[in-house]
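Asks: Under UniProt numbering, the first residue of the sequence shown carries the number 1, and numbering increases by one thereafter.
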Amino acid sequence: MGLFSKDPATHFPLVKGRRLDGTDVQFPQDLPADATLVVVLFQDALDPLADQWARLGDRLREAHGERFAVIEAPVSSKKMKLLGDLGTLGIRGQIESEEERARTVPLYADVKKLRKRLKLKSGDVYAFLLRRDGGIAWRGEGDIDMDEVQDLEAAVAEVLSRPVPDPTDHPDLESDGEPEVEGSADDEPGEPSADSVDAVAEAEEADAPERPSAAQ
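1. Among V38, L107, L56 and R55, whose alpha-carbon lies nearest the alpha-carbon of Q26?
2. Taking residue 233 as the reference, which of G123, E153 and A154 has the closest Cα?
3. Pairs of beta-carbons, one from the stretch 8-24 and one from the stretch 150-162, closer than 8 Å: are there three or more?
4. May I ask you to verify whether the stretch 67-75 touches the stretch 24-38, counting CB pairs closer than 8 Å and requiring at least 3?
5. Report the rounded CA-to-CA distance for Q150 versus R67, giving the unit in angstroms.
6. Going by other Cβ atoms of all chains shown within 10 Å of its Cβ, with 16 needed for buried, is E62 buried or exposed?
7. Going by the beta-carbon positions, is the gap between P8 and L130 smaller than 9 Å?
8. Return helix, strand or coil for D7, following the three-state DSSP convention.
9. What is the residue span of the alpha helix (DSSP H) that K119 lies within?
10. Please classify D172: is it buried, with 16 or more other beta-carbons within 10 angstroms of its beta-carbon, or exposed?
11. Taking the CB atoms as reference points, tell me whether A69 and A33 lie closer together than 9 Å.
12. From which residue to which residue does the beta strand (DSSP E) around V39 run?
13. Taking C-alpha atoms, which residue in D51, D145 and G134 lies nearest to R101?
14. First and last residue of the beta strand (DSSP E) that includes S76?
15. Run through DSSP, which three-state label would D124 get?
16. For D24, which beta-bridge partners are listed by DSSP?
17. For D169 and G134, what's the separation of their Cα atoms in angstroms?
18. Taking the alpha carbon of I95 as the point to measure from, which residue in R162, D166, P48 and T10 has its own alpha carbon closest?
19. Where does the unbroken beta strand (DSSP E) through R139 begin, and where does it stop?
20. From this set, G22, L31, D21 and D24, which residue's C-alpha is nearest P167's C-alpha?
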């Protein structure tokens, strides 16, 4: 059974994360390459299946060089970010190499709202091939099969053959690169929205037509 909606998301939502060296990032603005395979894990710990996707990405990186990158992105509650290094202690304990450490970027978001924005049904591990502007060029789910490998290889070649979009072309960003929907009052001055995933999802719910009340 497919784990994606029949009407899939066109762009990866704006979401903040923190590399294991303590560097804060926001995707898609801080995507490291023209084509990036982002392996999303809806759990706090790393997963062997996610590692399989990442190893496939490593193979593609050998073919395409610095224009292609891989990120493993376990999704954690926003509250975990407040714990600093303690919040990623379990993940750090599972990492066996500097390469794996460099590609691991925990994301901090409301899990339910992130799933909604990505139009996912269920499952723990997903792979998204992203353009510079966060556009989703390809997506995979669960176990890897040969058809997916071939489709991903073709999608990477297609992305790299086209002009590179500007990171600020994301539909949730203003022309100046700032989020269209303001975040919470906890945002630090001068920073983008602390959780654009939440802000946009809440705006969508507010714009939805009100259902008529049941007859008394």
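Even for Gly, the Cβ is constructed at its ideal location relative to N, Cα and C.
Replies: Taking the structure as given:
1. L107
2. Residue 233 lies beyond the stretch modelled for the chain, which goes from 1 to 216, so this question has no answer here.
3. no
4. yes
5. 19 Å
6. exposed
7. no
8. coil
9. K119 -> no alpha helix (DSSP H), and no H or E assigned at all.
10. buried
11. yes
12. A35 to L41
13. D51
14. F68 to S76
15. coil
16. R18
17. 8 Å
18. P48
19. I136 to E141
20. L31
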